[in-house]
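Everything on this sheet refers to the single structure shown next.
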Amino acid sequence: MAASTYFDQIQQLYIAYFGRPADPVGLAYWAANVDAANGSVAQVIAGFSASSESQVLYSGATTAQKVSSIYLALFNRNPEAAGLAYWVAQIDSGSVSQAQAAYQIESSAGPGDATSIANKLSAAKAFTAQLDTPAEIAGYVGATAATLARAFLGSVDATSGSLANATGAVALANSVAVASNTSITTTPTVPTIPIPTTPQIYTLTAGADAIPGGTAADAINSTIVGGFDKGDVIDGGAGTDTLTVTGSGSISSAGVTVTNVEIASFTSLDSVALNTTGWTGLTSLTTQANGASTVLSGATGTAIAATVLNRGSALIDINGGANVAVTASGATTGTTTVGATQQPTGTVTISNSAAVPVAMGSITVKGGTTVNVTQVAASAVVNATTTLGSVTVTGGAATTAVTLNNTAAAIASVSTAGVTTNSVTIIDVNAGNSSLNGTISSVSLSNVSTVAINDTALTTLSIQGGSGNIIIGNGGLKAPTNQVLTLTLDGQTGGTLSDANVYTTLNLTTVTRDSTLANISDSALTTLAISGSNALTLTSAAGLSALQTVKVSGMAGLTGDLSGATVTSVVASDTTGNLTVSIDGSKASYNGGSGIDTVTLTATPTHTISGAGGTSDVVKIDASLAAGLSNAALVSGFEQLTLTGATNQTVDVSNFVGATTISTAGGNALVLSGLVSGNTLQLTGAGTGYLVSSTAAFVASGNDTLNLKLTDGSGVGINFATGGITTSDIENIVISVNDTQSKASGTFLDSVGLLGNTTHAITVSGNAGLNLTATGTGITSVDASGITTGGFTWTSGALTGTPITVKGSANGANVIDLSAATKAVVTYTEGLGANTITTGSGDDIVTLGWITAGVTVNFGTGHDRLTLTGIPTQPLGFITTTGLGAGDIVAMAGASGGAHISVQSNLGAMLTGQTTLAGYMDLAASAVVRTGNNAVLHWFQFGGDTYITQDTSALLTYLGTYDTTVKLTGLLDLSTSIVAAGVVTL
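The opening position of the sequence shown corresponds to residue 4 in this note's numbering, with each subsequent residue numbered one higher.
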């Protein structure tokens, strides 16, 4: 087959690898080569891709930049995102070699791009054919000729007009003459105008422009598509020159030569692809893309500022430069890479804001002096979640600090946009090096999940809103130079802090919000110092196997188990915060602060345990361990002693100096000695029996008080001491019943028993009902009027004192049985509930206030008195009594602000003639007309019982909220009962 058969194929390879038409000699040579290889172009591709011309054209480019340049050379356009991503993946994976890239992209052209290739091939063939003289063939060599030929071919695209313009006879001859330097025609690269000495404004055209530049500050502008394009040769000359390019299409630097321009600004409604590494003098590069990729390369002295609007999934890839700043808005899944092949030498600042809830693209940075990354989640769409991109920073030799600021995590709801945080990885340039220390000393992160930092120089770490493990890979150095970490936490919600067992001291500061760590894993750490304004919860300290000293200061608090065998000292004397810790008192001392200290002792203490200056400090210890404590000088300064695991031990509470409250549960004959008057016994769960030992002070005083606090939040009645609490020589017991539910229900009765005959007065208050068992014979007063929610039940013993005063719950139902008090005179005052009162055989007084349905008073055989101080609260409410008879007294309350009819000296005739109770009550209300505010008394019999009514309203019908009725069980003749100011003597 003839070599000429392969001319078109060789021309296409010239277009792909050099962007220009073939010269006649080269065309013939390479066609013969292919012919000799039986049609294989492999040797041509290898030679072309390795040639200096192709290397200069594509040297220093990233894969993405190379693909973009090939697209521009072949198709006169930048690649679309999908095409760019595809070819980059193919080349980077090795599926397509670097050498084959141009050939494969050209061979895979779609319908529109194939037309551009066809037009360029026609133009290239015409150009080569026009080189028909020895002078033209000889002159078409070198870089200048190649640049001019590329400008010629670059003017041809998929339109027929571009081909016609380029291959017209005059235009073609002129292009060949200029490229081969065989004509006097002025070419773009050989300016004939003088060099200006005053500032000039140049405007780039659609053709190949040659800007000479001058000695002043010049402005070079491009505002049309193709104004800044291949073939342009721009020299800013001396002065501070500015290149400003704006346009609606993609912007690329492929085929453009720029020198001595200090400031360059590019604004595109599409993509931006600029390789400025060869632009001498450039100090500032500013770009703006819109909805498309940004691929930039800069020299070490060039500050790069890239903005991408409506980013979506567009790629951002920046290499080199000095300070690099990236600002992207409207982002979705697009990835951001800085320094992949050439690290920036200055600061790196990246801000990426999401457009809609989506999994945002990753951010990868290499190099820079300081790195600052910000990610902003979408906030306008509620009930959907944005997942922030992962961030990876690999430091360079000059990197000292990394800062990451993310939108805070949030759970999506109908009113909230959700945010899921992501991981961050920071790798120091010397990570893993056994002799060189790291360079990154400071890291600040906000709203991240897992944190991984491989760095031996890290001294300062700040994390706000973290949620995952914090892993510091600081091993590797033979002799660690940094063994102290300063860590600031704000709202950490979990995760384990770990390092390579290098840090010996951790200075941890809490700010703004409380924080939680699942564990700290560092077998070298001996000192943990916590300061700041908030609390730290350390779920486990199992990883601190060498910890010796814990210090807490400022306003910081701490919750954790510090009972490890190596801990010798916990010092909180300099904090106002609260501590809840466990320690081994046989190995460690404790010195509390002015906050609330809650200390659990896991062994009988042999070291000083001090609650110090707090006012509500608690020491907790197993009752068996407390029973073994005999040194009263060791434990002090705790207001409450909590005994766990209580059964039948004997505990001297005076060994816990300053403890005024003893809290426990489950006691079964637990003996408490050493109490003083005014101490509190708090029971927090069911138990069997307790004994409070008498003391000489109790015996001598004669007026001692024990506060008994019953506390539970289960919502059901608890029997706190089924066998009772035995006391001796304690005269007053003050009981408080505490329902710790969020809202007290008042639907149940707790129970407690009191044993002993030396108790005289029992007072009950609280927000739960109580079933009291107290049969001591010396009781003279029981007052449950302090119960605000719930009732009160009490059955007395054979009371010997007199008089006896009893008050029921102020708001609940009371069941009081005084029937065993045969020798006592009892005065009972009830509350507002449905009461059942049973008196003994003494002369008893029962006083009732506001009367509710179901009130029953069972009197004994003495001379009793029922006194009413209020009125019913139900329409037909009345009081039921039993045991009242001749000589007993019923005292009515009277009308509001008035008295009884003074002339009524007895009840008089019985009312008759009705068949219902309501009928009799209405008759009583209308039988006698009231005068003023005076009340009227009547009586009647119904259903085998006798009733006394008091009419206090002006209505002629019974009004239950004004009038009063007392039911006397049995049939009694009250016609001669004496009445004096509402007091009826039966």
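Note that beta-carbon positions come from the ideal geometry of N, C-alpha and C, so glycine has one too.
As the structure is a prediction and not an experimental result, all values here were calculated from the model.
By the Cβ criterion, the segment 361–374 is not in contact with the segment 410–417, since fewer than three pairs of Cβ atoms, one from each stretch, lie closer than 8 Å.
Gly22 is the residue among Gln46, Thr988, Gly22, Leu752 whose C-alpha sits nearest the C-alpha of Ser158. A distance below 8 Å separates the beta carbons of Val555 and Leu582. Between the segment 41–59 and the segment 110–122, the count of C-beta pairs closer than 8 Å stays below three; the two stretches do not touch. Looking at Gly435, Tyr74, Ile18, the one whose alpha-carbon comes closest to that of Lys128 is Ile18. Rounded to the nearest angstrom, the gap between the Cα atoms of Val181 and Leu151 is 8 Å. From the listed residues Thr663, Ser447, Asn440, Thr397, the smallest Cα separation to Thr428 is found for Thr397.
Within the DSSP secondary-structure output, Gln46 pairs in no beta bridge. With 16 or more neighbouring CB atoms inside 10 Å of its own CB, Ile599 falls in the buried class. For Arg153, the three-state secondary structure derived from DSSP is helix.
Excluding sequence positions up to five before and after Val384, its CB lies within less than 8 Å of the CB of Val359, Pro360, Ala420, all in the same chain and listed in chain order. Within the same chain, Cβ atoms closer than 7 Å to the Cβ of Asn594 are found at Val574, Ala575, Ser576, Ser613, Ala615, the five residues on either side in sequence being excluded.
For Gly922, the enclosing alpha helix (DSSP H) has its first and last residue at 920–929.
By the neighbour-count criterion, in which 16 or more other beta carbons inside 10 Å mark a residue as buried, Pro137 falls on the exposed side. Its chain contains Ser619, Asp620, Val621, Val622, Ala662, Thr663, Thr664, Ile665, Ser666, Gln685 as the residues whose beta carbon lies nearer than 8 Å to that of Gln643, once the 5 sequence neighbours on both sides are disregarded; these appear in chain order.
One thing to note: Ile728 has its Cβ within 8 Å of the Cβ of Leu758. The continuous alpha helix (DSSP H) containing Val181 extends over residues 172–183. Residue environment: Ser452 is assigned as buried (16 or more neighbouring CB atoms within 10 Å of its CB, all protein chains considered).
In this chain, Leu439 is not harboured by any alpha helix (DSSP H), its DSSP state being neither H nor E.
The beta-carbon distance between Val740 and Ile765, rounded to whole angstroms, is 12 Å. This is too long to meet the 8 Å contact definition. Residue range 104–110 is occupied by the alpha helix (DSSP H) that includes Gln107.
Thr367 counts as buried, since at least 16 other C-beta atoms from the protein chains shown sit within 10 angstroms of its C-beta. When DSSP states are grouped into helix, strand and coil, Thr131 belongs to the helix group. Annotated three-state conformation of Phe795 is strand, per DSSP. Looking at Gly769, Gly749, Ala703, Thr653, the one whose alpha-carbon comes closest to that of Asn710 is Gly769.
Between Val454 and Gly469 a beta carbon distance of about 7 Å is seen, short of the 8 Å cut, so the two are scored as contacting.
Non-local C-beta neighbours of Thr335 in its own chain, meaning closer than 8 Å and more than five positions away in sequence, comprise Arg314, Gly315, Ser316, Ala357, Ala358, Val359, Val361, Met363, Gly364, ordered along the chain. Distance from Thr388 to Val422 at the Cβ level is roughly 7 Å; contact confirmed, criterion being Cβ atoms closer than 8 Å. Note on geometry: alpha-carbon atoms of Thr226 and Asp244 lie some 17 Å from one another. Secondary structure at Ala699: helix, using DSSP grouped into helix, strand and coil. Residue pairing for Leu775: DSSP places it in a beta bridge opposite Val755, Trp797. Apart from sequence neighbours up to five positions away, the residues of its chain that approach Ala67 with a beta-carbon distance below 7 Å are Leu87, Val91, Val298, Leu318, Asp320, ordered along the chain. Listed in chain order, the non-local C-beta contacts of Ala104 below 6 Å within the same chain comprise Ile94, local neighbours out to five positions each way being set aside.
Rounded to whole angstroms, the separation of the alpha carbons of Ala544 and Val737 is 42 Å. The bridge partners DSSP lists for Ala267 are Leu246, Leu288. Contact between Asn658 and Ala635 holds, since their C-beta atoms are separated by about 5 Å, short of 8 Å.
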